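Heads up: the structure comes next, in structure tokens.
Right under this line is the structure:
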């Protein structure tokens with residue numbers, strides 16, 4: 001399924017997307033598999049990497065432009081304000097490290113790579129941000145919140161307790 005901008009963000013998850021799981025407030029590395037050297041002898045290096053998030057499929061959130069520098073080592077980096085001081089790129093592993101993860105970081109990322117001589121390639125990463133359970137409560141069948149010890153009960157007496165928690169697990 002195509003997004004109105006022409007990107008494929010709305011398609012269902014597929015096997016070509018790798019999945020990375022991180023914890024709220026933690027950090028992850030998103031590896032751009034499309035950036036591996038190409039060519040008959042593996043000598044065609046990436047010259048431009050663009051990272052997109054499904055929330056803004058037409059606007060790069062992070063870019064590494066080495067077209068003028070002759071490679072990624074001396075490349076110009078630019079990023080969206082939301083990633084300032086929490087996104088870092090490795091020109092060796094071609095991965096993007098995100099720190100201080102927020103729930104809004106979750107979603108599908110696309111890494112587009114332009115090579116000096118070869119064709120453009122892209123890869124997709126699905127990021128899941130886990131949120132630890134919070135606002136945990138235990139209630140009885142009438143909805144009354146239970147605190148401390150519950151009971152006493154006689155053997156065979158019915159007991160229905162309900163646990164409610166908020167968070168995102170993986």
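In UniProt numbering, the protein residues as written are 1 to 170.
Cβ coordinates follow ideal geometry from the N, Cα and C atoms, glycine included.
Just so it is clear, the structure is predicted and the values come from calculations on it, not from any experiment.
Residue pairing for residue 114: DSSP places it in a beta bridge opposite 48. Shown here, residue 65 sits in a strand according to DSSP, grouped into three states. Annotation: residue 165 to residue 132 spans about 9 Å, alpha carbon to alpha carbon. Taking residue 135 as the centre and dropping the five residues before and after it, the same chain places the C-beta of 164, 165, 166 closer than 8 Å to its C-beta, in chain order.
Scanning its chain for C-beta atoms nearer than 6 Å, with the 5 sequence neighbours on each side dropped, one finds around residue 26 the residues 101, in chain order. Within a 10 Å sphere around the beta-carbon of residue 159 sit fewer than 16 other beta-carbons, which makes this residue exposed. The shortest CA-to-CA distance from residue 56 to any of 69, 65, 44, 79 is the one to 79. Residue 28 sits away from residue 49, with the two beta carbons spaced by 7 Å or more. If you check the CB distance, residue 72 and residue 93 do not come in under 7 Å. In the same chain as residue 152, and ignoring 5 residues on each side of it, no C-beta atom comes closer than 6 Å to its own. The C-beta distance from residue 47 to residue 66 rounds to 5 Å, short enough to meet the 8 Å contact threshold.
Around the C-beta of residue 106, 16 or more other C-beta atoms lie within 10 Å, and the residue is accordingly described as buried. Contact annotation: residue 97 and residue 109 have beta-carbon atoms that are not nearer than 7 Å.
Beta-bridge partners assigned by DSSP to residue 163: 138. For residue 82, the three-state secondary structure derived from DSSP is helix.
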